[in-house]
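Here the protein sequences line up with chains A and B, keeping their order. When we follow this note's numbering, the leftmost residue of the first sequence carries the number 29, and every step to the right adds one. When we follow this note's numbering, the leftmost residue of the second sequence carries the number 11, and every step to the right adds one. Each remark here refers to the structure printed beneath this line.
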Amino acid sequence: EAGVAQSPRYKIIEKRQSVAFWCNPISGHATLYWYQQILGQGPKLLIQFQNNGVVDDSQLPKDRFSAERLKGVDSTLKIQPAKLEDSAVYLCASSLVYRGAYEQYFGPGTRLTVT
Amino acid sequence: GENVEQHPSTLSVQEGDSAVIKCTYSDSASNYFPWYKQELGKRPQLIIDIRSNVGEKKDQRIAVTLNKTAKHFSLHITETQPEDSAVYFCAASSGGFQKLVFGTGTRLLVSP
Numbered sequence: 029e030a031g032v033a034q035s036p037r038y039k040i041i042e043k044r045q046s047v048a049f050w051c052n053p054i055s056g057h058a059t060l061y062w063y064q065q066i067l068g069q070g071p072k073l074l075i076q077f078q079n080n081g082v083v084d085d086s087q088l089p090k091d092r093f094s095a096e097r098l099k100g101v102d103s104t105l106k107i108q109p110a111k112l113e114d115s116a117v118y119l120c121a122s123s124l125v126y127r128g129a130y131e132q133y134f135g136p137g138t139r140l141t142v143t
Numbered sequence: 011g012e013n014v015e016q017h018p019s020t021l022s023v024q025e026g027d028s029a030v031i032k033c034t035y036s037d038s039a040s041n042y043f044p045w046y047k048q049e050l051g052k053r054p055q056l057i058i059d060i061r062s063n064v065g066e067k068k069d070q071r072i073a074v075t076l077n078k079t080a081k082h083f084s085l086h087i088t089e090t091q092p093e094d095s096a097v098y099f100c101a102a103s104s105g106g107f108q109k110l111v112f113g114t115g116t117r118l119l120v121s122p
C-alpha cells in the first residue's frame, strides 16, 4: 500500500512570497489533515477535510493560509504572503474514517524556511 | 478546547531500563489517545493507541495506561533499546471528528 505523498520536500522562500504544498493521501482515505509542526513542538492541526468538504479549520490563519481538496483526493495548502513565523514542517495525514478512532497516516512533510 | 500536557520533555535511560512518559488532557469528552514516535527528520508513526473504554493496552515492550478520572495517560517502554531513541508525542482526540491535539513531545535517548 502506497503511503501519503507530499511535495516538495523542502522549500526556501523570502518573507511576503507565496508558496504551495501538495498532498496525495492513501487511496480510499476520505479524511485528510494538514498539520504545522514548528521545531521542537508537536503537530498542530490547521485544517481537516472529509472528502472535499472542510470539517475543521478553526486554527487556520485564514488571512494568509488557504487549502482546497478538489474531487476529494489530492489537496493543496497555500501561504500568501509568508511570514518568518511560518517556518515549519507542514505534514499531511489521511485516515480511513473520520468518526471514531482510526489511525492517521502521515506523509514525509514539507520543510519550509522563510527568510 | 482540548489541551494536552506532556512530561518530561527529555528522558535519558540506559539500554534495558524502562521509560515512562506521562500526559494529561483537559477535555473529559476525549475518547481516543494515540502515541506517535518521530525519528529525526522522519514522519510521525503510530506505535500504540487506547480508547476511553479501556484502562490498559500492551503490545510487546510497549504499554499504555489510561486514568479517565484523573485525565491522564502514560506510555511505558520496557527493556529499552538504542533504536527506541526518538521523540514521542501523545495526543488526545476531541470532539466527533477525531481532531487530534498533540502534546509537546518527549525526546527519549537510550544509551548503550
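Where a beta carbon is used, it is the ideal one built from N, C-alpha and C, also for glycine.
Straight across, the Cα-Cα distance linking Glu42 of chain A with Leu74 of chain A is about 22 Å.
Sequence-distant partners of Ile87 of chain B (beyond 5 residues in either direction) whose C-beta falls short of 7 Å from its own C-beta, in its chain, are Ser28, Ala29, Arg71, Ile72 and Asp94.
The beta-carbon distance between Val117 of chain A and Gln65 of chain A, rounded to whole angstroms, is 5 Å. This is short enough to meet the 8 Å contact definition. DSSP places His17 of chain B inside the beta strand (DSSP E), whose first and last residues are Val14 to His17. Look at Pro44 of chain B here: in three-state DSSP terms it is strand. Linking Phe93 of chain A to Gly11 of chain B through their CA atoms gives a straight-line distance of about 22 Å. With a threshold of 9 Å between beta carbons, Ala39 of chain B makes no contact with chain A.
Counting along the chain, Thr59 of chain A sits inside the beta strand (DSSP E) bounded by residues Thr59 to Gln65. Residues of the region 95 to 112 of chain B that bring their beta carbon within less than 7 Å of a beta carbon in chain A comprise Phe99, Ser103, Gly106, Phe107, Gln108, Lys109, Leu110 and Phe112, in sequence order. When DSSP states are grouped into helix, strand and coil, Asp114 of chain A belongs to the helix group. In the structure shown, the three-state DSSP call for Asp84 of chain A is strand. In the same chain as Gln48 of chain B, and ignoring 5 residues on each side of it, the C-beta atoms closer than 8 Å to its own belong to Pro54, Gln55, Ala96, Val97, Tyr98, Phe99 and Gly115, in chain order. For Arg117 of chain B, the enclosing beta strand (DSSP E) covers residues Thr116 to Ser121.
Chain B places a beta carbon closer than 9 Å to that of Gly70 of chain A, counting this residue as a contact. In terms of beta-carbon proximity, Gln55 of chain B lines the interface with chain A, with at least one pair separated by less than 9 Å. For Gly65 of chain B, no chain A residue has a C-beta closer than 9 Å to its own C-beta; the minimum C-beta separation is roughly 16 Å. Nearest CB-CB separation between Pro44 of chain B and chain A: below the 9 Å threshold. Chain-ordered, the chain A residues with CB closer than 9 Å to the CB of Thr114 of chain B read Gly68, Gln69 and Gly70. In this model, Thr90 of chain B and Tyr42 of chain B are separated by some 25 Å (Cα to Cα).
A straight line joining the alpha-carbon of Gly100 of chain A with that of Phe112 of chain B spans about 26 Å.
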